[in-house]
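J.: Just passing along the structure, written as structure tokens.
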Amino acid sequence: MSSNNRQRRTPVPYRSAPIQLLCYDLYLFTKLTVIHLKNIFFPLAPSLRNAEISLTAANIIPAALHTVLFFLCIVSVALIPAWFILPGAAWLLCLLAAYLLAWLLSVALNAGIHSGHPIHAAAPADAAPADEREHWLFVNGICSGRSWTAAAVDELSLQFARPVTGIHNRTFGILLDLLQCASQRSLGLYTSCIRDTYQHLHDALTAHIDDDDDDSSNDAWRYDKIVVLAHSQGALVVSLAIDMLLADLPRDTLAGRIEVYTFGGAANHFNNPGGVLRVVEHYVNALDPVATIGVSMYSAAGASRAAADAAVVGKKGPATATGGAGGGTGAKGVQVQKTKAQKRENQFAGTVFTRKGHGHLLVMHYLQHLRDESENGFTSEGGEKSLLRRYLGGGRGT
């Protein structure tokens, strides 16, 4: 099963003028940080052992470091106008000191590992035998250091009863991570994590069973299926990495071998020309502020569902402030914003599953509700069945 590109009459946003896109994204990210930041973390209802808000040292220490980094970035921004007051050397020394401290804090958050570093999690002891022709990868989102990424990889391995490899997207704190997102979405900046994700996928797609055996004539692919899971900024990273794969690899190498599942995705486009990707699914909480400037804004199905679900929830959160190119009715504010979003219609492949809920954290707000197949869980506008759920508990999937 695959989801083809949905062609629109207007140009896709990521091919518009970079400066225009950058200004628009900076506006969206500023609004997210100033107005809707709390909606990323709430509700606080951890029920899984790897939940991000669980009161463990592995969570408390990164949270404290992120808090210091946040205020340090605020102070650094405040230093910019001080350039007119302080002598040049003093201003530069203050700025360099702030940068050095931010760098040291980010090293601590990421446990010294660089972007693209693989983080492995073995399948649970009671899992069914692993399918050696499958390869599962995960790309984390913003503000996810070494410990939070490892916890997410562990939880994914538990939920799907398979070994999962994380491709670490290192964090520099929420403000700098948002600036990085803006540069990736608007300027097409291929950061190290995008390049490393591309390389991981490229290597998996082109590996053969007997690559290490020079005497073998077996030319079969090492993996028949590569499953990619991505959260938040990770969805943007995967989107850009797939663009590179589509440009670099023959269609026969890609066709029917990649499945992509995103959670609270921040991507502004997702290409799948001719359905070359086996499956593309996006999971969204209606009042997830990151998703509402990503998949819920740029996907027709995501926009209409997010608007309708936000109206049902009854809160004027970010989902009611950012409609999309799809249909749907709701509050008057939704209709106004939908008209604006129509001018930025996009090429966004995939089936969108929306849940009437809040929050952006992967484990606590997404994986915790993945098994719920009721109307309170993730459902699609067209009634399609979730293919990702077929893998839960070691299922064979598609």
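Per our numbering, residue 798 is the first one in the sequence shown, and the count goes up by one each step. Don't be surprised by glycine CBs; every beta carbon is placed ideally from N, CA and C.
Identify every residue that forms a DSSP beta bridge with N1082.
T.: The count along the sequence shown starts at 1 and reaches residue 1082 at position 285. Per DSSP, R1152.
J.: Residues bridged to W933 by DSSP?
T.: As a working mapping, residue 933 is identified with position 136 in the sequence shown. Note: W933 sits in a beta bridge opposite V1024.
J.: Quick one: residues in its chain with C-beta nearer than 8 Å to the C-beta of S873, no 5 flanking neighbours on either side, listed in chain order?
T.: The count along the sequence shown starts at 1 and reaches residue 873 at position 76. Excluding residues within five positions, the ones whose Cβ falls inside 8 Å are L892, A895, Y896 and A899.
J.: Can you grab the Cα-Cα spacing for the pair Q1139 / A1146, in whole Å?
T.: Counted from its first residue, the sequence shown places residue 1139 at position 342. Counted from its first residue, the sequence shown places residue 1146 at position 349. Reliability fails at Q1139, whose pLDDT of 43 lies under 50, so the model's placement of it is uncertain and the value that follows must be treated cautiously. Answer to the nearest angstrom: the Cα atoms are 17 Å apart.
J.: Quick one: give me the first and last residue of the beta strand (DSSP E) that P915 is part of.
T.: Sequence index remark: in the sequence shown, residue 915 carries index 118 (1-based). Per DSSP, P915 belongs to the beta strand (DSSP E) from P915 to A918.
J.: What residue range is occupied by the uninterrupted alpha helix (DSSP H) comprising T946?
T.: As a working note, residue 946 is residue 149 in the sequence shown. Looking at the DSSP string, the run of the alpha helix (DSSP H) that includes T946 is R943 to F957.
J.: So, at 8 Å on beta carbons, what are the nonlocal neighbours of D1040 in its own chain, with the 5 sequence-adjacent residues on each side left out?
T.: Taking the sequence shown and counting its residues from 1, the one referred to as residue 1040 is at position 243. Excluding residues within five positions, the ones whose Cβ falls inside 8 Å are N1068.
J.: From G970, L1167 and L1185, pick the residue whose C-alpha is nearest to that of G1154; which is it?
T.: Counting from one through the sequence shown, the residue named residue 1154 turns up at place 357. The candidate whose alpha carbon is nearest that of G1154 is L1167.
J.: Is DSSP giving Y1188 helix, strand or coil here?
T.: Start at 1 with the first residue of the sequence shown, and residue 1188 comes out as number 391. In the structure shown, Y1188 sits in a helix (DSSP, three-state: H, G or I).
J.: May I have the straight-line CA-CA distance separating G1114 from T1089, to the nearest angstrom?
T.: Your numbering for residue 1114 matches position 317 in the sequence shown. Your numbering for residue 1089 matches position 292 in the sequence shown. Annotation note: pLDDT 43 at G1114 (below 50); position unreliable, no value reported.
J.: With Y1020 and E1078 assumed to form a contact (beta carbons below 8 Å), what rounded beta-carbon distance in angstroms separates them?
T.: Here residue 1020 corresponds to residue number 223 of the sequence shown, with the count starting at 1. Here residue 1078 corresponds to residue number 281 of the sequence shown, with the count starting at 1. So it is not a contact: roughly 20 Å between Cβ atoms.
J.: Mind checking whether the beta-carbon of G1174 lies closer than 7 Å to any heavy atom of the ligand GTP?
T.: Of the ligands one can find in the structure shown there are none, so the ligand GTP has no counterpart to examine.
J.: Judging by CA-CA distance, which residue of D1049, Q1144 and G1091 is the nearest neighbour of H1157?
T.: Looking up residue 1157 in the sequence shown gives position 360. Of the candidates D1049, Q1144 and G1091, the one whose C-alpha sits nearest the C-alpha of H1157 is G1091.
J.: Applying the 10 Å Cβ sphere with the 16-neighbour rule, what's the burial state of T1176?
T.: The residue you call residue 1176 lines up with position 379 of the sequence shown. Counting Cβ neighbours within 10 Å, T1176 comes out buried, since at least 16 surround it.
J.: For the alpha helix (DSSP H) holding Y821, just list the boundary residues, first then last.
T.: As a working note, residue 821 is residue 24 in the sequence shown. Taken as a continuous stretch (DSSP letters only), the alpha helix (DSSP H) holding Y821 covers P815 to I832.
J.: Using the Cβ count rule (16 or more neighbours within 10 Å means buried), how would you classify G1121?
T.: Here residue 1121 is taken as the residue at index 324 of the sequence shown, counted from 1. Low confidence applies to G1121: its pLDDT is 36, below 50, so where it sits in the model is not reliable, and the reading given next is rough at best. Counting Cβ neighbours within 10 Å, G1121 comes out buried, since at least 16 surround it.
J.: Taking the beta strand (DSSP E) that E868 falls in, what are its first and last residues?
T.: Indexing the sequence shown from 1 puts residue 868 at position 71. The sequence shown places Phe at residue 868, not Glu. F868 -> not in any beta strand (DSSP E); alpha helix (DSSP H) instead, spanning A854 to L876.
J.: So F1060 is in the beta strand (DSSP E); what residue range does that whole segment cover?
T.: To locate residue 1060, count along the sequence shown from 1; it is residue 263. That run of the beta strand (DSSP E) goes I1055 to F1060.
J.: Find out if the Cβ-Cβ distance for the pair S903, T830 is shorter than 8 Å.
T.: Taking the sequence shown and counting its residues from 1, one reaches residue 903 at position 106. Taking the sequence shown and counting its residues from 1, one reaches residue 830 at position 33. Against a cut-off of 8 Å, the Cβ pair of T830 and S903 comes out as no contact.
J.: So for F838, helix, strand or coil by DSSP?
T.: One-based indexing of the sequence shown puts residue 838 at position 41. In this structure, F838 counts as helix in the three-state DSSP scheme.
J.: Beta-carbon within less than 6 Å of T962's beta-carbon, same chain only, minus the 5 sequence neighbours each way: which residues are those?
T.: If you number the sequence shown from 1, residue 962 lands on position 165. So the qualifying residues of the chain are P915, H917 and L934.
J.: Terminal residues of the continuous beta strand (DSSP E) containing V961?
T.: What you label residue 961 is simply residue 164 of the sequence shown in a count that begins at 1. V961 to I964 is the span of the beta strand (DSSP E), which, as asked, contains V961.
J.: Would you mind giving the Cβ-Cβ distance between L953 and L998, rounded to the nearest angstrom? I have them listed as a contact below 8 Å.
T.: Translated into the one-based positions of the sequence shown, residue 953 becomes position 156. Translated into the one-based positions of the sequence shown, residue 998 becomes position 201. No, L953 and L998 are not in contact; Cβ-Cβ is about 17 Å, not under 8 Å.
J.: Note down, in chain order, each residue of its chain lying with its Cβ closer than 7 Å to the Cβ of I816, except the 5 sequence neighbours on either side.
T.: Residue mapping note: residue 816 aligns to position 19 of the sequence shown, counting from 1. Nothing listed; no residue qualifies.
J.: Given a cut-off of 8 Å on the beta-carbon distance, is the pair V936 and T994 in contact?
T.: Residue 936 sits at position 139 when you count from the first residue of the sequence shown. Residue 994 sits at position 197 when you count from the first residue of the sequence shown. Closer than 8 Å, so yes.
J.: Expressed to the nearest angstrom, what Euclidean distance is found between the alpha-carbon atoms of L1033 and L976?
T.: Position 236 of the sequence shown, counted from the first residue, corresponds to residue 1033. Position 179 of the sequence shown, counted from the first residue, corresponds to residue 976. Answer to the nearest angstrom: the Cα atoms are 13 Å apart.
J.: Find out if the Cβ-Cβ distance for the pair A919, P859 is shorter than 8 Å.
T.: Mapped onto the sequence shown, residue 919 falls at position 122. Mapped onto the sequence shown, residue 859 falls at position 62. Contact: no.
J.: Quick check on F969: does DSSP put it in helix, strand or coil?
T.: Taking the first residue of the sequence shown as position 1, residue 969 is located at position 172. Coil.
J.: Hey, V1081 and V1149 are a contact pair by Cβ (cut 8 Å); roughly how many whole angstroms apart?
T.: Numbered from its first residue, the sequence shown carries residue 1081 at position 284. Numbered from its first residue, the sequence shown carries residue 1149 at position 352. Confirmed, about 6 Å.
J.: Using the beta-carbon count (16 or more within 10 Å), is F957 buried or exposed?
T.: Residue mapping note: residue 957 aligns to position 160 of the sequence shown, counting from 1. With 16 or more Cβ atoms within 10 Å of its Cβ, F957 is classed as buried.
J.: Can you tell me the Cα-Cα spacing of Q981 and Y987, whole angstroms?
T.: Residue mapping note: residue 981 aligns to position 184 of the sequence shown, counting from 1. Residue mapping note: residue 987 aligns to position 190 of the sequence shown, counting from 1. Between Q981 and Y987, the C-alpha separation is close to 7 Å.
J.: Reducing DSSP to helix, strand and coil, say where E1181 ends up.
T.: Here the question's residue 1181 lines up with position 384 in the sequence shown. DSSP places E1181 in coil when its eight states are reduced to three.
J.: Buried or exposed: which applies to A854, given that a residue is buried once 16 or more other Cβ atoms fall within 10 Å of its Cβ?
T.: Here residue 854 is taken as the residue at index 57 of the sequence shown, counted from 1. Per the 10 Å Cβ criterion, exposed.
J.: Alpha carbon to alpha carbon, how far is Q1030 from G938?
T.: Residue mapping note: residue 1030 aligns to position 233 of the sequence shown, counting from 1. Residue mapping note: residue 938 aligns to position 141 of the sequence shown, counting from 1. Q1030 and G938: Cα-Cα distance of roughly 4 Å.
J.: With distances taken from CA atoms, which of G1180, E1178, P1086 and H1162 is nearest N836?
T.: By 1-based counting over the sequence shown, the position of residue 836 is 39. Closest by alpha carbon: P1086.
J.: Which whole-angstrom value describes the C-beta separation of L866 and G970, a residue pair presumed to lie in contact below a C-beta threshold of 8 Å?
T.: Within the sequence shown, numbered from 1, the residue matching residue 866 stands at position 69. Within the sequence shown, numbered from 1, the residue matching residue 970 stands at position 173. That pair is a contact at about 3 Å.
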